[in-house]
Amino acid sequence: MKYGFIAGEQRFFFILSIIDVYDRSVVGYHMGLRCEGKDAARVLEQSLWRRRLYQSDDKPVIRLDNRPQFTSHVFQNTCKRLEMEHERIPCRTPNLNAHIESFHRILEDECLGRYEFQSYEEAYKAVSEFIRFYNEQRIYSSILYMAPYEFYRKHKLDGTLIKEVKA
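In the working numbering, the protein residues as written are 144 to 310.
Quick look at the structure:
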């Protein structure tokens, strides 16, 4: 989870993102003035639908920290219902979530830190546009100098592979 600030309204907003460790895509996110367990559960379900894994028997493992949204009954029950393994990292070990931490740093440096938002609508538009740019245009050496969506498509179409990811 990442926080942003709306200077014109003197309040914070939340961004909860789910990233695919293999191809670096942000497969789902929630942005709002609040972020609760139900929001985290909804983003998880949306992410599975986007990747056509909702009804799959071979679901990915979700690794998260111990924020209240992820330890809530709503989120835990959603993981059980979806038959997903929910791996929680120990406190003070952000290196175990390096991929999402890296994304949050990029989000801060290339989006949140560049603007002084005057309204929630302005912040929402900027973050949405940035995530679209991140997924569709920003290239990464770790995925063969492609953007995440491009790599994902190539991987699905012709089996393009990168080195094994140890996450």
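For every residue, glycine included, the Cβ atom is placed at its ideal position computed from N, Cα and C.
Measure the CB-CB distance between G147 and A266 and report whether it falls below 8 Å.
Within the sequence shown, residue 147 is the residue found at index 4, counting from 1. Within the sequence shown, residue 266 is the residue found at index 123, counting from 1. Yes, they are a contact pair.
**Prompt:** Any contact of the stretch 169–181 with the stretch 195–202, i.e. 3+ C-beta pairs under 8 Å?
**Reply:** no
Next item on the list: Assess, as a yes-or-no matter, whether the stretch 216–226 is touched by the stretch 245–255 under the definition of 3 or more beta carbon pairs within less than 8 Å.
Entry: no
Practice item. Report, in whole angstroms, the separation of the C-beta atoms of R193 and G175, which I expect to be a contact under 8 Å. Key: Residue mapping note: residue 193 aligns to position 50 of the sequence shown, counting from 1. Residue mapping note: residue 175 aligns to position 32 of the sequence shown, counting from 1. R193 to G175, Cβ: 19 Å. No contact.
What residue from V169, Y288, D208 and R206 has the CA that sits closest to Q189's CA?
Looking up residue 189 in the sequence shown gives position 46. Measuring from the Cα of Q189, the nearest candidate turns out to be V169.
Q) In whole angstroms, what is the alpha-carbon distance linking P233 and P211? A) The residue you call residue 233 lines up with position 90 of the sequence shown. The residue you call residue 211 lines up with position 68 of the sequence shown. Straight-line Cα distance between these residues: approximately 14 Å.
*asked:* If you follow the alpha helix (DSSP H) that V270 is in, where does it begin and where does it stop?
replied: Position 127 of the sequence shown, counted from the first residue, corresponds to residue 270. Taken as a continuous stretch (DSSP letters only), the alpha helix (DSSP H) holding V270 covers Y263 to E279.
Scan the stretch 160–242 and note each continuous alpha helix (DSSP H) run of 4 residues or more that stays entirely inside, going in chain order. 180–193, 211–214 and 216–225
request  = Rank H216, L187 and R235 by C-alpha distance to the C-alpha of I162 and give the top, closest one.
outcome  = Working through the sequence shown from its first residue, we reach residue 162 at position 19. Per the Cα distances, L187.
Between which residues of its own chain and I274 is the CB-CB distance below 7 Å, once the five residues before and five after are set aside? Your numbering for residue 274 matches position 131 in the sequence shown. So the list reads V169 and Y172, once near-sequence residues are dropped.
E293 to A150, Cα distance in whole Å?
Translated into the one-based positions of the sequence shown, residue 293 becomes position 150. Translated into the one-based positions of the sequence shown, residue 150 becomes position 7. Rounded to the nearest angstrom, the two C-alpha atoms are 35 Å apart.
- prompt: Under the DSSP definition of a beta bridge, which residues are partnered with G256?
  reply: If you number the sequence shown from 1, residue 256 lands on position 113. The partner list for G256 (beta bridge, DSSP) is empty, contrary to what the question assumes.
- Query: Based on Cα-Cα distance, which residue from K268, F157, Q153 and R167 lies nearest to S284?
  - Reply: The residue given as residue 284 occupies position 141 in the sequence shown. It is R167.
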